[in-house]
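Chemist: Have a look at the structure that comes next, please.
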Ligand SMILES: [Cu+2]
């Protein structure tokens, strides 16, 4: 129950800050902004965008292609090269079309794009310029 105690302490702090008559609607968020008690800080999983697969039919790939995370976790896609890629959500893995859930672009080495998944499910995505061979799945399971 340490989490509940910490949340209680933060609530008390927030009330105390409010009591001193802060002019803003909300007290300034402390550096460790507390997530809701039911959503502990998530883990971060990295997926690399690599164009050194050595496969002439699929020269670039998401590595790993599939990741399984928990609700509240974050996937961080990082570009291995200076190649232009997108990280584009699609409703179906076999029909690659932007679904609008997320859509990131990376075109520099070590450039990153992150998405925090707040609901469980299977989230397929692909790279638009390399849609024929570059796709992946994020499986999000309940905590
Ligand atoms: Cu790509």
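In this note's numbering, the protein residues as written are 115 to 257.
For every residue, glycine included, the Cβ atom is placed at its ideal position computed from N, Cα and C.
Could you give the residue range of the beta strand (DSSP E) that holds residue 175?
Modeler: 175-177
Chemist: Do residue 200 and residue 181 have their CB atoms nearer than 8 Å?
Modeler: no
Chemist: What first and last residue would you give for the beta strand (DSSP E) that runs through residue 235?
Modeler: 235-240
Chemist: Where does residue 187 land, buried or exposed, given buried means 16+ other C-beta within 10 angstroms?
Modeler: buried
Chemist: With respect to 7 Å, is the separation between the Cβ of residue 243 and the closest non-hydrogen atom of ligand 1 below this value?
Modeler: yes
Chemist: From the DSSP output, which residues share a beta bridge with residue 203?
Modeler: 239
Chemist: May I ask you to list the residues that DSSP assigns as paired with residue 164?
Modeler: 175
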